[in-house]
Every structure is written in C-alpha cells, then in structure tokens.
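Undergrad: In this text, residue positions in the sequence shown follow full-length UniProt numbering: the first is 1, and each later residue adds one.
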Amino acid sequence: MNIAKIVREAREQSRLTALDFANGIFDEFIELHGDRSFRDDGAVIGGIGWLGEQAVTVLGIQKGKSLHDNLKRNFGQPHPEGYRKALRLMKQAEKFGRPVVTFINTAGAYPGVGAEERGQGEAIARNLMEMSDLKVPIIAIIIGEGGSGGALALAVANRVWMLENSIYAVLSPEGFASILWKDGSRAMEAAELMKITSHELLEMGIVDKVISEAGLSSKELLDCVKNELRAELDRLKELPLDQLIEERYQRFRKY
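1. Given that a residue counts as buried once 16 or more other Cβ atoms are within 10 Å of its Cβ, and exposed if not, what is N227?
2. Can you list, in chain order, the stretches of the beta strand (DSSP E) that have 3 or more residues and sit fully within the stretch 35 to 76?
3. For S178, which residues from the same chain have a beta carbon less than 7 Å from its beta carbon, with the 5 sequence-adjacent residues on both sides left out?
4. Could you give the distance in angstroms between the alpha-carbon of G108 and the alpha-carbon of F96?
5. At which residues does the beta strand (DSSP E) containing R159 begin and terminate?
6. Which class does N105 belong to by DSSP, given the choice of helix, strand or coil?
7. Smallest Cα separation from K5: which of V207, A187 and R235?
8. Using only CA atoms, which one of L222, R253 and A231 lies nearest to D20?
9. Buried or exposed: where does N2 fall if 16 or more other Cβ atoms within 10 Å of its Cβ makes it buried?
10. Just checking my contact of residue 263 with G147 at CB under 8 Å: how many whole Å lie between their CB atoms?
11. According to DSSP, is V170 helix, strand or coil?
12. Can you tell me whether DSSP reads F21 as helix, strand or coil?
13. Where do the ends of the alpha helix (DSSP H) carrying I245 lie?
14. Can you tell me whether G114 is helix, strand or coil according to DSSP?
15. DSSP state of K195, grouped into three classes?
16. Would you report the Cα separation of R88 and D35, rounded to the nearest angstrom?
17. Can you give me the start and stop residues for the beta strand (DSSP E) that E130 sits inside?
18. So what does I138 bridge to, in DSSP terms?
19. Could you tell me how far apart the beta carbons of R15 and G119 are, in whole angstroms, since I believe they sit closer than 8 Å?
20. Within 10 angstroms of the Cβ of G112, are there 16 or more other Cβ atoms? Answer buried if so, exposed if not.
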C-alpha cells in the first residue's frame, strides 16, 4: 500500500465532488439553501432527489474544481451555518420520512475567527447529537478526505462507506506530524501510523463498506454507488424504528 499515493488521490482536485454524486445518482436533484439564521454556506450542499420511487434528502461537503470555485466553496471547509443548514434539512427529512445520504470531502471545519464567534463547536456537537437520534435511515459516504469533527458532523450514520482512494481521520497527517514531532514534513510517516485508509478502517470496523474505484470511469463509479445505495436503503427501511436508532447509537458508542 502506497500511503502517499492514496493521500494524493483523496485530495486530487479532479475527484468527483458531492454535487457530482448528487446530480449523477439522484433524479431531479433540487438544491436548497440557507440555515434561516445567518447565510448560505457554499461548502455544504443539500437538497432533495429521487432514487427510483424513493425521495431522499442529499447532503454533502463540496470542494471546488478551480481556484474560483474553491474560493466560493471555502476549499470545502464548512462554517457553522453550513452545519446548521445540513441539520435543518435533516430535520425536514425526519418530518417527511425521507432517508438521508451524505457525501463527505473535507480537510475539516473552517477554523477562522468568524466561524468560532458564530459557534463552530456547538454547531458540530449539535449535529452529532441530533443525528444520533434522527428517526430515518442515514448513509454517509467518504468520497475524498474525511477530516476531524468537520467530517463526523455529517457522518453519524447507520452505514458509513468509503471510496477506495479516500481517507478518514481525526486530523490531517500534517497536523498529526506537527503535534507529535513538531515537523509537518513527516506527514506521510504520520499517515502510516494513523491507519486512515479505507481498507485499514474497514478491518477495524470503523467503516462498513469500501467501494472500489479501480478501473472505473466516473459514470461507472456513480452507477455502482447508486446501486449500492438503492439496495442498502431498501434493507434499512425494513428495520423497526427503535432498532434503526439504537444500532446507530451503539455503532458510535463502541468507539
């Protein structure tokens, strides 16, 4: 396993984004905006789409594919209003009985002064609390980077999946190396110790499924994820509500 190659792949600007998945998998995806409190955060996308006959609430953390787009999306680093928008749409999904699917690609929540002033930590914590008890099925998919609480705020789910060339960790390898050795240049050495790749996390039971990317075109990958989602949502819909919530709660308590 070449850890440096996997980290590069996970961060590659040309990777499919959350919007690519939303538009490529769901029919008639309609994006909704705003947290009804401060503003719309371009780093978090959300809306409603159809998966066959099933209406689904779709959420994602969106990176850009160009400098202009990344500035608009804050390089995929959400502000608190992004997490509050996501929570608003999740509670709407609960009201109307729609399952929730999230696509996650972020180095972490935005650490700026304004974000902290508007309650970044509280917004993330509230999402963790509310998602643990949400009365609809939730599936979360790491599609690139899954960094820290910024990723976990959309990943308290019944099923957590990863694309094969994605990473999921409590902090970035650079941050880990800076804390442990005071040397960010040892990031790949840190990545080896952190066990952040999809297959390592599957083996440890942190994630439930790894979706292979090997040799697949973008369309083939979208079709693969679509088929997996349709089958898993059908299974989750058969579970009694109490069991659905309890299994999700216990899944995260065991860590």
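C-beta atoms are modelled at their ideal positions from N, C-alpha and C, and glycine is treated no differently.
TA: In this structure, then:
1. exposed
2. 44 to 51 and 54 to 61
3. G184
4. 30 Å
5. R159 to L163
6. strand
7. A187
8. L222
9. exposed
10. Only positions 1 to 255 of the chain appear in the structure, and residue 263 is not among them; the question remains open.
11. coil
12. helix
13. L241 to R253
14. helix
15. coil
16. 7 Å
17. Per DSSP, E130 belongs to no beta strand (DSSP E); it is in the alpha helix (DSSP H), Q120 to S132.
18. V100
19. With 8 Å as the limit, R15 and G119 do not qualify as a contact, their Cβ atoms being about 30 Å apart.
20. exposed
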